[in-house]
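**Student:**
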Amino acid sequence: MTLLRNRHAVIGGVLVGFVTLLAVLGPWLAPFDYEAVDMEAVWAPPGGEHLMGADALGRDVLSRFLVGARVSLGVALSVLAITLVIGVTLGVVSGYVGGLVDTLVMRLADIIFAFPELILAILVAAVLGPGKLAVVVSLALVWWPGIARLTRSLVLSLKSALFVDAAITSGTPTARILLQHILPNIAAPIAVRASLGVGFIIMAEATLSFLGLGVQEPEPTWGAMIRDGIGALRTDPHLALFASLGLATVVIGFNFLGDGLRDWLDPKASSR
Amino acid sequence: MHHVSLRAATLRAVWRFAFRRVFGIVLVLFVAVVLTFGALQYVPGDPILILLGDQSGDVELEARLRAEYGLDRPLTEQFVSYLGGVLRGDFGLSFRFASTPVKDVLATGLAISPVLALVALVLSVPLGIGLGTFAARRKGTLADSLTMFVLVLGISIPNFALASFLVYLFAVRVPLLPVAGWGTPAQAVLPLVLLIVPAMVYIGRLTRTYLLEVLQEDYIRTARAKGLREHLVIYRHALRNTLVPLSTSIGIIFGGLLSGTFVVETIFNIPGLGSLAIQSVFARDYPVVMAVVLLYTLFYSLINLGVDLLYGVLDPRIRLSS
Chain A
1 MTLLRNRHAV IGGVLVGFVT LLAVLGPWLA PFDYEAVDME AVWAPPGGEH LMGADALGRD
61 VLSRFLVGAR VSLGVALSVL AITLVIGVTL GVVSGYVGGL VDTLVMRLAD IIFAFPELIL
121 AILVAAVLGP GKLAVVVSLA LVWWPGIARL TRSLVLSLKS ALFVDAAITS GTPTARILLQ
181 HILPNIAAPI AVRASLGVGF IIMAEATLSF LGLGVQEPEP TWGAMIRDGI GALRTDPHLA
241 LFASLGLATV VIGFNFLGDG LRDWLDPKAS SR
Chain B
1001 MHHVSLRAAT LRAVWRFAFR RVFGIVLVLF VAVVLTFGAL QYVPGDPILI LLGDQSGDVE
1061 LEARLRAEYG LDRPLTEQFV SYLGGVLRGD FGLSFRFAST PVKDVLATGL AISPVLALVA
1121 LVLSVPLGIG LGTFAARRKG TLADSLTMFV LVLGISIPNF ALASFLVYLF AVRVPLLPVA
1181 GWGTPAQAVL PLVLLIVPAM VYIGRLTRTY LLEVLQEDYI RTARAKGLRE HLVIYRHALR
1241 NTLVPLSTSI GIIFGGLLSG TFVVETIFNI PGLGSLAIQS VFARDYPVVM AVVLLYTLFY
1301 SLINLGVDLL YGVLDPRIRL SS
């Protein structure tokens, strides 16, 4: 089955592509400066000059929405990159070297799994102070053990493969075995796992920003826009509703895309 | 004779298993105590100076507060007394409310948040199983596709985004429910719904997957072949066997619900532990933040322990093999 026949993957891909485009082109598409305060436009309803209306400070919601997409995706990609580097490195070392290193890394992962994720994030935010750094650090802290566990199990199943034995007996240096023989063979499943995680990372970032622990003013994020908007739902619902719609769309898109990719690579899972 | 020794061996295995789990939890809680204590040392700002505020020149008062909060003692001594205090349920003094024990600050929230999470858990399990069974029995039909679509939506929409839609619909457009607040049953409806939806949807998806797997087993074919009515096949044979793998997810779901209380309490101004922890981060009342971190880790660990033990009870194979 080609990827294009998979309905979930196509819907997800279109949504993700659309939001990515908005995020990349955001600064050029935005009709206003996202920081520009305009006291005459306070809570302006959608339509006219402000297509999505304005917020409590008269800032253009559409402009903040577009820049918010950029911030959300940026944070998610940073978290993903850090998670992959730490998780894959520790997972490979843990699986290939084994012994004490393996025990230490896996116990550490167990301990992190033993905390509800938001709790760790709050601990980090308390120490580092609320902000973008706290979000990236706490989400990376929570997400690497999953990637490390997956990588370790993949490495373990490859370690006894004939071509690895052959490389060892012919005297190939360990670093080269890891980089040239093992890594290319575990890349695909790790990539799928990572793509499944993006939606949840975006959701977690939005949650932290919603609680006020994440990205700080004046930089806009959808999470913080929803928080600001929820208090005004009764009179001016447009801020919360537009930001919620954007957030839901991007998370649904990534989840559909991830589901589609998984079914495509593992057709057995989709027949269930 | 043989049976007796087998049962004794089984019992020993169960005890060994339980002991290992309890030891694991003690280790996690100890790590949590070390982490929170360490975090308290690294948080920005001197709490005593913040407490002093306008009276920051008063050297005598400063020395007295430092002594009262135990901050004049060596670090190791502070740690031992912190650990000892935590074991007795004493989390020290609040930085925001001078000379007030943290446990008094927590009291109100402690009666709200865990209860909210538990009620949501108890309600979402049967709802989720029902939804998943509904979809699985109609696999491949339009009803199944629609249910699955709703389930994916439910898992993808963050609960605070869902909150803005629901509050707008049911409290603003059609004013059936209060917008926020805490104390009356009506005020608990929207918070509970928001907690239940993600949990229910998660359980629903798992139930559908597990049930479809179990329905392909030989004993299901046997049950059908001997003419057993379909609902008996589902409820007596299939569903019971999906409960075993489902029970392992209860811990994750409860963890999600605990996190959910932070969001829901913030939205609806509920004076629970979650909103208290967030306010305390901003008020730099770190002892309160750390106490909530410890308590939530404890709740999470206890639920996971309960699930592990339950798992052994539900599935005799696990009991015997471990």
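Chains as they are written, first to last, in the working numbering: chain A, 1 to 272; chain B, 1001 to 1322.
Beta carbons are placed, not taken as given, at the ideal position from N, Cα and C, and that holds for glycine.
1) Would you call residue 1275/B buried or exposed, if buried means 16 or more other Cβ atoms sit within 10 Å of its Cβ?
2) So what's residue 98/A in DSSP terms, helix, strand or just coil?
3) Can you tell me whether residue 63/A is buried or exposed, with buried defined as 16 or more other CB within 10 angstroms of its CB?
4) With the cut-off set at 7 angstroms, would you say residue 151/A and residue 88/A are in Cβ contact?
5) Along the segment 222 to 251 of chain A, what residues have a CB closer than 7 angstroms to any CB found in chain B?
6) Whole angstroms is fine: what's the gap from residue 115/A's alpha carbon to residue 1089/B's?
7) Using a C-beta cutoff of 7 angstroms, does residue 1168/B count as contacting chain A?
8) Between the Cα of residue 273/A and those of 1095/B, 1310/B, 1297/B, spot the shortest distance and give me the residue it belongs to.
9) Less than 7 angstroms between the beta carbons of residue 82/A and residue 125/A, yes or no?
10) Looking at residue 1288/B and residue 1081/B, is the spacing between their C-beta atoms short of 7 angstroms?
11) Starting from residue 1114/B and walking both ways along the alpha helix (DSSP H), at which residues does that stretch end?
12) So what's residue 19/A in DSSP terms, helix, strand or just coil?
13) Is residue 206/A close to chain B, meaning its C-beta is less than 7 angstroms from at least one C-beta of that chain?
14) Under 7 angstroms, Cβ to Cβ, is there at least one residue of chain A near residue 1262/B?
15) Helix, strand or coil, according to DSSP, for residue 1243/B in the structure here?
16) Classify residue 1144/B as helix, strand or coil using the three-state DSSP reduction.
17) In the DSSP assignment, what are the bridge partners of residue 229/A?
18) Mind listing which residues of the segment 1129 to 1159 of chain B have their C-beta closer than 8 angstroms to chain A's C-betas, in chain order?
19) How far does the alpha helix (DSSP H) with residue 953/B in it reach, from first residue to last?
20) DSSP three-state label for residue 213/A, please.
21) Tell me, to the nearest whole angstrom, how far the beta carbon of residue 1249/B is from that of residue 1206/B; I am working on the premise that it is less than 8 angstroms.
22) Does the beta carbon of residue 24/A come closer than 7 angstroms to any beta carbon on chain B?
23) Under a CB-based cut-off of 7 angstroms, is residue 1164/B close to chain A?
24) At the level of alpha carbons, what is the spacing between residue 47/A and residue 36/A?
25) Nearest CA to the CA of residue 231/A: which residue from 257/A, 34/A, 23/A, 43/A?
26) Would a check of beta-carbon distances place residue 52/A closer than 7 angstroms to chain B?
27) Does residue 1077/B get closer than 7 angstroms to chain A when you measure Cβ to Cβ?
28) Any beta carbon from chain B within less than 7 angstroms of residue 118/A's own beta carbon?
29) Just to confirm, are residue 1160/B and residue 1292/B a CB contact at a threshold of 7 angstroms?
30) Going by beta-carbon coordinates alone, are residue 41/A and residue 58/A separated by less than 7 angstroms?
31) What distance in whole Å lies between the Cβ atoms of residue 1257/B and residue 1239/B, which are believed to be in contact at a cut-off of 8 angstroms?
32) What does residue 1044/B reach in chain A if we use C-beta pairs closer than 9 angstroms?
33) In angstroms with no decimal places, state the Cα-to-Cα distance between residue 176/A and residue 158/A.
34) Could you please give me the residues that DSSP links to residue 50/A through a beta bridge?
35) Taking 7 angstroms as the CB-CB limit, is residue 1172/B close to chain A?
36) Helix, strand or coil for residue 27/A? Go by DSSP, reduced to three states.
**Tutor:** Taking the geometry as given:
1) Burial of residue 1275/B is indicated by the presence of at least 16 other C-beta atoms within 10 angstroms of its C-beta.
2) Three-state result, residue 98/A: coil.
3) Burial call: buried.
4) Yes.
5) For the segment 222 to 251 of chain A, which is checked against every Cβ of chain B, the residues closer than 7 angstroms are 226, 229, 230, 233, 234, 237, 240, 241, 244, 247, 248, 251.
6) Each residue's Cα considered, the two are about 19 angstroms apart.
7) The Cβ of residue 1168/B sits closer than 7 angstroms to at least one Cβ of chain A.
8) This structure cannot settle anything about residue 273/A, because the visible part of chain A is limited to 1 through 272.
9) Taking 7 angstroms as the Cβ cut-off, residue 82/A and residue 125/A do not qualify as a contacting pair.
10) No.
11) The continuous alpha helix (DSSP H) containing residue 1114/B extends over residues 1113 to 1137.
12) Helix.
13) A Cβ of chain B is located within less than 7 angstroms of the beta carbon of residue 206/A.
14) Closer than 7 angstroms: yes.
15) In the structure shown, residue 1243/B sits in a helix (DSSP, three-state: H, G or I).
16) It is helical.
17) Answer is none; residue 229/A lacks a bridge partner.
18) The residues in question are 1152, 1153, 1155, 1156, 1157, 1158.
19) This structure gives no information on residue 953/B, because the portion of chain B shown stretches from 1001 to 1322.
20) Residue 213/A: coil per DSSP, three-state reduction.
21) Contact check for residue 1249/B and residue 1206/B: beta-carbon distance about 6 angstroms, within the 8 angstroms limit, so the pair qualifies.
22) For residue 24/A, no CB of chain B lies under 7 angstroms from its own CB, so it is not counted at the interface with that chain.
23) Output row for residue 1164/B: interface = yes.
24) For residue 47/A and residue 36/A, the distance between alpha carbons rounds to 18 angstroms.
25) Distance from the Cα of residue 231/A is smallest, within the candidate group 257/A, 34/A, 23/A, 43/A, for 43/A.
26) It does not; no Cβ of chain B falls within 7 angstroms.
27) Chain A contact via Cβ: absent.
28) At least one CB of chain B lies nearer than 7 angstroms to the CB of residue 118/A.
29) Between residue 1160/B and residue 1292/B, the gap from beta carbon to beta carbon reaches 7 angstroms or more.
30) When the beta-carbon positions are compared, residue 41/A and residue 58/A come within less than 7 angstroms of each other.
31) Wrong, their Cβ atoms sit about 23 angstroms apart, outside the cutoff.
32) By Cβ distance, chain A contributes 127, 128, 129.
33) Per the coordinates, the alpha-carbon of residue 176/A lies some 15 angstroms from the alpha-carbon of residue 158/A.
34) Its beta-bridge partners are 47/A.
35) Interface residue, yes.
36) Residue 27/A: helix per DSSP, three-state reduction.
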